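Residue numbers (our numbering), protein chains in the order written: chain A, 188 to 817; chain B, 1494 to 1863.
Yeah, the Cβ is synthetic: ideal placement off N, Cα and C, and Gly gets one too.
Remember, it's a predicted structure, so these values are computed and weren't measured experimentally.
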């Protein structure tokens, strides 16, 4: 095997044949490897990778639905939508968010605009997940960002609809507000699955009727390029606007009530006794729900959450107060119905009621002398009711109180309605592991003690008396309408029960309630007016057991937090009632002096409005009302 | 110098010309598709430029064809020297794109001397081995000069930095040495030596180069960073399936998910749009080209011709294999163009000229008398 390499020997063609054969095998193996890999990727994994290529380029863009409007009973718009311009950063073209933010700040600074602090956003930046830098920016800022778009890669101004609460704080707790869905809320089961970033109702009607108001988000399949920029639309499911909600609330009355409360802590609830429609429901102090539109700032939230006056609490349904003397009609009805007294039965009031070694005082130190039921209610004689309470016992009173709708939520169209409290012997045993004392029944009979009612329960109770004994579910929603105004659903009156009290006895009590306002010596006499026959009852709820002597009871001396709550509940016009009102003012003192004037302002406003809306009131109604008057 | 010879026409290597023009034509269609939705109106679309390059390449091919290659080799070291000087010019007058300085501008064109070096190194090595035939296998000590011939340009190229071209030159050198014959003991020593040196080599790599190699072993460690190229490339290739998505219909390509889709990753565009069948056909054409090159090597009338034909063929083979291996995720990402298909003038012109040389050798086997 002699190889010839020498140049002198000359080159033999085919000298490299063996090596080339080897090389041929090598090349074949290499190319076979490539073809095998192609087979693996394109044939075996082809479907999977094709799917990935489609996911790569197809994005599902959510089209946020427009929430339905909220209207008052006269179709005045309470909540509308308005566009919000949000500054959004899409970390795709550049993921350097801090540099982008720096640029925006520099651009803002030139025009003395400020970018609110963002916290530690940099850690949260994930590719393709938009980060909202600032919500609801001014047009000036929009102009700045748009004109410098080229220097701000990945920064876009997105337009989203946000809520506009036209009546601001006066109905804030009833209407509520919306917000971005939280992680916990995402976990809850719903008819329609929600996704992060969805806007849902968080509070009030916005929350209670969220399913109707929210509508349905649409989606758009868009093909994007590697820069995340939309190239074309592949298909679109349009979003569906939510239903409009018409409330039973009358915005004008709501405003009157809000003004009458004048930002003092308390609540006013007004209802149509004929059907349970809530006409006004105000809790004071309040907050501006527009702060929540497009996301509340941390500072604003802190301020609201830490406010000692609890502006976010809906006192009208969540506030629980001792009913005090406003409770007396229940005790009276129970005693009449049980046959323990007749309207003529009298008790002697010398200013106190002796029970064992304890004296229960009447608010009137001098005493009322001999009083019958009518006078006892008109002048709010405590001793009279101490006697009734002793005769009835706690469980009888509780049975009647429950029939009036106390002690359980009435089922208004809002969340967080409290049940109040109707104490019984069993309740005390279960709850406090103590037997009932007779003395507690005595306190209870004038609405003190363990008794608690919400303003809504109070107005419902007076509405029930006024309409002759039918307990209606308090309603806030009148009807649902499609976005183009077609009525989808109408909510009618719903009877919850009937009082186990005869018409005659109800009439006797209503007559006495009329006397409270219209007879000399009545505790609500300041409400007497020509325009409307008001029947009502004052109440002064002790917050703590103050020593019952003159000096200490002087409200001025007592620190504000321990002052009595002032209550007033009424209906009008007497005999043919169209409206029932309950007012509670926290720590405001005497019901007749503090709460009754608020109710008076509201009732005046109500009748002024009714008159304005109906220039010629129907004859028949006026005459009917005349007949019933004594 | 140029002797018009009728035999140059009668024995013309039509097969080689057809294969190369077909491949370039496919490359052109592919670049047309890759640059199809490019919304850059200020510059000529890439495929128009590629046509210009192919035409210039054909001129280079003709020149290389008509000049007797033996004349060419008289000046092989001169060409080599020029190309190394051009590499140096890159550092002073060249301009950089994407972080590395590889180009120099000549007139309106930009030129990449490192591509030219591939051919001049083949010429220089061939000339050296032709002159210094030992009559036996080479030992390591005989290989110092050819080693330096390769390592001088490799040094400058790695400085640019351009790992891919440097690597190709080293592989080319090793291939040619093995081809001319290396003593098996020397082979063992060299293999052991490079194994020991490899950690040192790793140390000299740039961070992004290390990243690429790590990414090769697990592309998912940073899918939007260094792994992005290879993942997108594999998605593109795989989504082509058996028949492909069709010309201009590759969504990965058209939506610009593929980086470097006209240059180093051009095969993924092709595979996405033409599928497994298209890939088979393309591989078949490349296999034919390489086999044809090896055939020319076998039938070359002299050592010089055989060696240069081998060098050119093996260059095409390695570039093909490394490039497609990279696109298919079986080799790490290094910047090596796909012969005749990648967009880029330097590679195209140099390869066309090299093919002209192959034809030259192919034809002259009938002309030269031994």
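The criterion of a C-beta distance shorter than 9 Å is not satisfied by residue 1809 of chain B and residue 1760 of chain B. Under a 10 Å Cβ-count criterion, residue 332 of chain A is classified as buried, with 16 or more other Cβ atoms of the shown protein chains found around its own Cβ. The beta carbon of residue 1683 of chain B does not come within 9 Å of any beta carbon belonging to chain A, so the residue lies off that interface. Against chain A, the beta carbon of residue 1664 of chain B has no neighbour under 8 Å; the closest one sits roughly 12 Å away.
Chain B has no Cβ within less than 9 Å of the Cβ of residue 408 of chain A. Residue 676 of chain A is not a Cβ neighbour of residue 657 of chain A, given a cutoff of 9 Å.
Residue-level contact by beta carbon holds for residue 1776 of chain B and chain A, with a gap shorter than 9 Å.
The Cβ atoms of residue 1506 of chain B and residue 1852 of chain B sit closer than 9 Å to each other. Here DSSP, grouped into helix, strand and coil, assigns residue 608 of chain A to strand. Within the DSSP secondary-structure output, residue 725 of chain A pairs in a beta bridge with A:755. Residues 1827 of the same chain have their beta carbon placed closer than 7 Å to that of residue 1660 of chain B, with the five preceding and five following residues left out of the count. Neighbourhood of residue 217 of chain A in chain B, by CB distance below 8 Å: 1810 and 1814, in chain order. In the pairwise beta carbon analysis, the segment 774-793 of chain A is classified as touching the segment 713-720 of chain A: at least three pairs are separated by under 8 Å. Interface residue (Cβ-Cβ distance to chain A less than 9 Å): residue 1742 of chain B is not classified as such.
Taking a Cβ-Cβ cut-off of 7 Å, the neighbours of residue 206 of chain A in chain B comprise 1672, given in sequence order.
For the segment 1838-1851 of chain B, no residue has a beta-carbon sitting nearer than 8 Å to a beta-carbon of chain A. Per DSSP, the continuous beta strand (DSSP E) segment holding residue 270 of chain A begins and ends at 264-276. For residue 283 of chain A, the closest Cβ of chain B is not nearer than 9 Å.
A contact between stretches requires three or more CB pairs, one per stretch, nearer than 8 Å, and the segment 488-503 of chain A fails this requirement with the segment 686-695 of chain A.
Under the DSSP definition of a beta bridge, residue 506 of chain A lacks any partner. Taken in chain order, the complete alpha helix (DSSP H) segments of 4 residues or longer contained in the segment 563-589 of chain A are 569-579.
The three-state secondary structure of residue 1570 of chain B, taken from DSSP, is helix.
Contact holds between the segment 563-583 of chain A and the segment 618-629 of chain A, because three or more Cβ pairs, one in each stretch, are under 8 Å apart.
Between residue 1742 of chain B and the set B:1514, B:1569 and B:1523, the nearest pair of CA atoms involves B:1523. Residue burial is scored here from C-beta neighbours: residue 1845 of chain B has at least 16 other C-beta atoms within 10 angstroms and is therefore classed as buried. For residue 434 of chain A, the pairing in a beta bridge is given by DSSP as A:664. Taking a Cβ-Cβ threshold of 9 Å, the residues of chain A close to residue 1780 of chain B are 214, 215 and 218, in chain order. An exposed status is given to residue 489 of chain A, since fewer than 16 other beta-carbon atoms sit within 10 Å of its beta-carbon.
Here residue 252 of chain A carries a coil assignment [DSSP, helix/strand/coil]. Bounds of any beta strand (DSSP E) do not take in residue 499 of chain A, whose DSSP letter is neither H nor E. Put simply, of A:538, A:651 and A:400 the residue whose alpha carbon is nearest the alpha carbon of residue 517 of chain A is A:651. Put simply, the backbone Cα of residue 621 of chain A is about 32 Å away from that of residue 772 of chain A. If you check the CB distance, residue 470 of chain A and residue 350 of chain A do not come in under 9 Å. Within chain B, not a single residue places a beta-carbon under 8 Å from that of residue 505 of chain A; the smallest gap is close to 49 Å. Legend: CB atoms of the segment 221-237 of chain A lying less than 8 Å from CB atoms of chain B belong to residues 221, 222, 224, 225, 226, 228, 229, 230, 232, 233, 234, 235, 236 and 237. Within chain A, the C-beta atoms nearer than 8 Å to that of residue 1790 of chain B come from 203 and 207, in chain order.
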